[in-house]
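A.B. asks:
Residue numbers (my numbering): 110 to 515.
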């Protein structure tokens, strides 16, 4: 059984065998202190994760959502509305929800499709290419700019900083690897990363009016919201959240879909049949589950599966495990593109913290796959994929493929 506190346990992909063993033998599993961090409980069964999500009074977000221990001072400096509980969370969510509602996102489909057409066409100009770099990374990046309302010229820079934040455990993304070097100088920055300093400066320029953003973008909207404008430090942290999470999770969902197309040869035909477009995105996202877990903190002693979780203990809800729970999903490790209903938890479903960007992620994935499936006879892997070194955000980092065009 691999140590889930060790980022190196994920460098070859998610250790699904470990999660399967935990679901079967230790659904409330204790991991001892590791790397200077306190130990934690792991919830790996679907039903337990849903129950915890629905009970924020017992499983609180208000002391952080990652394994990392923080002082109260650090928590206050770096928190976003993700790290709050109702009713505080509800107030901020009400201000940002309208921009990500399904009908609003649907209006982006012509733009997403146009971008996807260009991205896929450019990638397929090459017989062999890195599908993550040429396809999976590009569409979320361009849509991030449209959603935020920032110039396209800034996107490469913003995405690099976002990668350094959320990929703070991977030496391919940052020189300040959190478990390899001393990051105490950045303890007040998001993810204890020096990239947070640069992103804070960018957000400060927006706040003081020296950097223009599109008036229709989410940044301008939250600054003027009548339901509770986000300003000051809260705005800077919200900005960092959108730059990081608004790009990486969709990238890794698309990357997983492309990886699976090279592994399960029946999937391309299923897409080309046109019968699975309303269900396939959820299935690919279920199997990707790029946000592996969110942490909660127990507010009282609670018994689970014969174990006592104490008040103040860290409790991790492993979405990547719950979405492959054999008790909930038939053939959970196999992509079945017509799977319906598909009540996975990759978006943190079941409680107040369900992902804001889920409709956008599903639409981006659907559009890019439609454009790709319409142009190729086959997609084959050239060598093995590489995976992120992280127990928080995990996905295919690079994937060289060979395409056979129609």
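Cβ atoms here follow ideal geometry from the backbone N, Cα and C, with glycine treated the same way. As the structure is a prediction and not an experimental result, all values here were calculated from the model.
Would you identify the three-state DSSP class for residue 462, choosing helix, strand or coil?
C.D. replies: Looking at residue 462 - three-state DSSP - the assignment turns out to be coil, as it is neither helix nor strand.
A.B. asks: Quick check for students: name the residue ranges of the alpha helix (DSSP H) that lie wholly in the region 164 to 248, counting only runs of 4 or more.
C.D. replies: Within the region 164 to 248, the complete alpha helix (DSSP H) runs of at least 4 residues are 181 to 187, 197 to 205, 211 to 215 and 218 to 232.
A.B. asks: Let me know the beta strand (DSSP E) ranges lying completely inside the region 393 to 431, each 3 residues or longer, listed in chain order.
C.D. replies: Taking only runs of at least 3 residues, the beta strand (DSSP E) segments lying wholly in the region 393 to 431 are 402 to 407, 411 to 413, 416 to 418 and 423 to 427.
A.B. asks: For residue 194, which of 472, 173, 214 and 366 has the nearest alpha-carbon?
C.D. replies: Ranking the options by Cα distance to residue 194, first place goes to 173.
A.B. asks: Give me, in chain order, the residues of the same chain whose beta-carbon lies closer than 6 Å to that of residue 271; leave out the 5 immediate sequence neighbours on both sides.
C.D. replies: Closer than 6 Å at the Cβ level, and outside the excluded window around residue 271, lie 352, 353 and 356.
A.B. asks: Going by DSSP, what residue range makes up the beta strand (DSSP E) through residue 138?
C.D. replies: 137 to 140 is the extent of the beta strand (DSSP E) around residue 138.
A.B. asks: Give me the Cα-Cα distance between residue 140 and residue 500, rounded to the nearest whole angstrom.
C.D. replies: About 13 Å.
A.B. asks: Below 8 Å on the Cβ atoms is my contact criterion, and I expect residue 405 with residue 119 to pass it. Report the Cβ-Cβ distance as a whole number of Å.
C.D. replies: In fact, because the Cβ distance is near 21 Å, the residues do not count as touching under 8 Å.
A.B. asks: Excluding five sequence neighbours on each side, which residues of the same chain lie with their C-beta closer than 6 Å to the C-beta of residue 275?
C.D. replies: Here the set comprises 353, 357 and 502.
A.B. asks: Since residue 367 and residue 210 should fall inside the 8 Å C-beta cutoff, what is the C-beta to C-beta distance between them, to a whole number of angstroms?
C.D. replies: Wrong, their Cβ atoms sit about 28 Å apart, outside the cutoff.
A.B. asks: Does residue 318 pass the burial test, meaning 16 or more other C-beta atoms within 10 Å, or should it be called exposed?
C.D. replies: Burial call: exposed.
A.B. asks: Within the continuous beta strand (DSSP E) that includes residue 275, where are the two ends?
C.D. replies: That residue, residue 275, is in no beta strand (DSSP E); its alpha helix (DSSP H) goes 264 to 275.
A.B. asks: Please name the residue or residues paired with residue 496 in a DSSP beta bridge.
C.D. replies: Bridge partners of residue 496: 505.
A.B. asks: Quick check: what's the CA-CA separation for residue 148 versus residue 288?
C.D. replies: Approximately 16 Å between the Cα atoms of the pair.
A.B. asks: For the alpha helix (DSSP H) containing residue 327, name the first residue and the last one.
C.D. replies: 327 to 332 is the span of the alpha helix (DSSP H), which, as asked, contains residue 327.
A.B. asks: Taking a contact to mean a Cβ-Cβ separation below 7 Å, would you say residue 257 touches residue 224 in this structure?
C.D. replies: Going by C-beta atoms, residue 257 is not nearer than 7 Å to residue 224.
A.B. asks: Please look up how many angstroms separate the CB atoms of residue 373 and residue 444, rounded, as I've assumed it's under 8 Å.
C.D. replies: About 6 Å; that satisfies the 8 Å criterion.
A.B. asks: Mind reading off the beta-carbon distance from residue 510 to residue 491? Whole number of angstroms is fine, and I expect it under 8 Å.
C.D. replies: Contact holds; Cβ gap of about 6 Å.
A.B. asks: If you run the structure through DSSP and keep just helix, strand and coil, what is residue 315?
C.D. replies: It is helical.
A.B. asks: For residue 511, write down the residues that DSSP places opposite it in a beta bridge.
C.D. replies: Paired residues: 237 and 489.
A.B. asks: Given a threshold of 16 other Cβ atoms within 10 Å of its Cβ, counted over all protein chains shown, does residue 314 qualify as buried or as exposed?
C.D. replies: Flag for residue 314 reads exposed.
A.B. asks: Less than 8 Å between the CB atoms is what I'm expecting for residue 283 and residue 273, so what's the real figure, rounded?
C.D. replies: Rounded, the Cβ-Cβ distance is 4 Å, consistent with contact.
A.B. asks: Are there three or more Cβ pairs, one per stretch, closer than 8 Å when the region 471 to 480 is compared with the region 200 to 210?
C.D. replies: With the cut-off at 8 Å, the region 471 to 480 and the region 200 to 210 do not touch.
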